[in-house]
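Read the structure below first, then the notes.
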Amino acid sequence: MVDTIIQGKTRRRREFCAFYTNSDPILTYMVERLRIEAGDVILEPCAGDGVFIDKIIERTAPSEFTLDAVDLNPQAVAKLKQKFGSHSNITVRKADILLEPSSGLFTGDKSTYTRVIGNPPYGAWQDHDRRKLLKELYGGYVRETYTLFIRRCCQLLKDNGRLVFIVPDTFLALHLHKELRRYLVRQTKIEEILLFPSHFFPGVNFGYSNLCIITVVKSANTKDVVTNIVTVSTAVDKIYQIAKGNYNAADYHERIRQKDVAESEDFAFLIGVEGNTRIRDIIRGCKLRLGDIADCVTGFYSGNNQDFLAVGNHAGKNTGRYRVVPPSEIEHDFINKEDVLSGLTNEKKYIPIVKGAGPDRFSVGTNWFVRWDKKTVDFYQKDRKARFQNPRYYFKEGIGVPMVRSSKARAFLLEKRLFDQSIVGVFPRRNEHLNYLLAFLNSDIFTKLLNAINHTANSSANYLKKIPILLEERAITQVNSIMESQFATRDTEGTLKEINDVFNSLFEIPTK
């Protein structure tokens, strides 16, 4: 669960990858959403230290429910048996819920439970044999354990049974979880998704995502279902009020039609726009996307940046531990060297590389350099850790977009430099679109569209390919003129205002 994090520094810890929390607002909310009724049969599939069970006991008479507390960790099971051994309506067992279909743990009717509550493990370590078996049982992507728990526990629910889980919010957007989203929107009624930052909890701060609590009812009758999307970002105690149905306490609240999610590309929830229905309409109704007019690719990785990267000076961010390369070792005229893709054959050893995200837009300077002599390039191509990927785009004119999400997109010309894997390279198929796309990729509307398509920390090339694009000759001419002025005057602030005016008008974004 979430308050005391098991860091996963040993295989045993990574195997369970459990996060425990005693956050009372969270526990109260989740048990409230479970809506326990007399006669309910409850499953806690990863019971841990039993805090959900404690809260259920606190709020519900023992005569009204029976409960199976299951955990894979034998130490946790022993403590649970000691803790709840006197409760005749609670059964504790050691079991692997995910592998139950192969072990025959549960017999007879597989839809056993009327309620499921829990906090499944996130990213638990799995050996090759276990992954292979999970792949056979579930298909699709099996490395992220929490999504498998959602799928398996929905299978174990009776029709109209309720499931309440606290999990990372990555399943709402990432490509890897498309099949889970398909299942949820077609086979369950998604009542509510409560979103909140992971840093609400001491010792936990996921850099790649936030957390959410999802409440679903198992039912294929999903017509006219409306889902509450609730965000709490300022104070965890607000969740007490939301548990009571007071959505005025939320930092943000909206209701979306499950039907719209089901009809979205890849069943994406598009939660990153907080009520901006125009942004959702653009995404769902677009006929042309960035991937239709430009190639979007991931850049190069040396496999060991400490050994192969160097800097021009230590003035930049995160440069202190890298060697300062002498100017005599740098080949700046690499474009004119024969077969530069195979490496330098003269006395020079390094070439410029675009790495990371800086404060600049439209163009960025060079302070990073990568070893690029022929012997080293041969090594990159053979080394298992290195990523000599998409090489036909190296040293081509294109646009770099940092993969790490920011409040404002910052795109820049690559100027035929090598770019590393923290950058998505965007290469227009028609040269006349280069400056137009450079402007668009720096616009506010692009940031909103990207954040809606993928609200998590990193946006790979696949997400950029989905960005809606409009090509109108008058707008292209206008934007190209603006960009020519930008290159001449470097008036970035003024350029951004003009760009935003053009694209807001083109996409019919209401002005405030």
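Just so you know, we're using our numbering here: the sequence shown kicks off at 31 and counts up by one. Quick reminder that beta carbons are idealized off the backbone N, C-alpha and C, glycines included. Note that the coordinates shown come from a computational prediction; the quantities given were computed from them, not determined experimentally.
In the DSSP assignment, Trp402 forms no beta bridge with any residue.
Phe195 counts as buried, since no fewer than 16 other beta carbons sit within 10 angstroms of its beta carbon. With respect to Thr261, Ala280 sits close: the two C-beta atoms are nearer than 8 Å. Your pair Ile120 and Ala99 checks out as a contact, with CB atoms roughly 6 Å apart and the cut at 8 Å. Per DSSP, Ile244 lies in no alpha helix (DSSP H) segment; the continuous beta strand (DSSP E) that holds it begins and ends at 241–248. In this structure, Tyr59 lies near Ile243, with their beta-carbon atoms less than 8 Å apart. In this structure, Ile483 sits near Ala298, with a CB-CB distance shorter than 8 Å. The beta carbons of Glu284 and Arg63 sit no closer together than 8 Å.
The three-state secondary structure of Pro458, taken from DSSP, is strand. A check of alpha carbon separations from Asn103 across Lys124, Leu464, Gln112, Lys188 identifies Lys124 as the nearest. Listed in chain order, the non-local C-beta contacts of Val355 below 6 Å within the same chain comprise Ala340, Tyr380, Phe399, local neighbours out to five positions each way being set aside. Counted as a single uninterrupted DSSP element, the alpha helix (DSSP H) harbouring Gly315 occupies residues 307–315.
Bounds of the beta strand (DSSP E) holding Gly148 are 143–148. The beta carbon of Ala469 sits closer than 6 Å to those of Val509, Met513, Ile529, all from its chain and outside the five residues before and after it, given in chain order. For Lys415, the closest C-alpha among the options Gln451, His485, Arg435, Asp390 is that of Gln451. Across the set Leu241, Asp254, Ile180, the C-alpha of Leu241 shows the shortest separation from the C-alpha of Val266. Residue pairing for Asn492: DSSP places it in no beta bridge. Lys219 has its alpha-carbon roughly 59 Å from the corresponding atom of His362. DSSP links Tyr410 through a beta bridge to no other residue. Runs of the beta strand (DSSP E) spanning 3 or more residues and lying entirely within the stretch 419–473 occur at 429–432, 453–458, in chain order. In the DSSP assignment, Ile83 falls within the unbroken alpha helix (DSSP H) covering 81–89. Closest option to Thr200, judged by alpha-carbon separation, among Leu187, Gly191, Thr175: Thr175. One thing to note: Leu210 has its Cβ no nearer than 8 Å to the Cβ of Thr245. Per DSSP, reduced to three states, the secondary structure at Tyr380 is strand. Of the residues assessed, Pro357 falls on the exposed side of the cut-off, its CB having fewer than 16 other CB atoms within 10 angstroms. For the pair Gly342 and Asn397, the CB atoms are nearer than the 8 Å cut-off.
Counting of Cβ neighbours within 10 angstroms places Ile147 among the buried residues, the total reaching 16 or more.
For Ser437, the closest C-alpha among the options Phe82, Gln411, Leu479 is that of Leu479. For Ser141, the closest C-alpha among the options Lys109, Asp369, Ile72 is that of Ile72. In the structure shown, Ala265 falls within a coil segment according to DSSP collapsed to helix, strand and coil.
When beta bridges are read from the DSSP output, Lys219 appears opposite Val247. Judged by DSSP secondary structure, His283 falls within the beta strand (DSSP E) whose first and last residues are 282–287. The beta-carbon distance between Pro55 and Tyr270, rounded to whole angstroms, is 5 Å. This is short enough to meet the 8 Å contact definition. Here Arg216 has Ala250, Thr252, Ala292 as same chain residues with Cβ atoms under 8 Å from its own Cβ, once five neighbours each way along the sequence are excluded.
In chain order, Phe297 place their CB closer than 8 Å to the CB of Arg212, counting only its own chain and leaving out the 5 sequence neighbours on each side. Lys404 counts as exposed, since fewer than 16 other beta carbons sit within 10 angstroms of its beta carbon.
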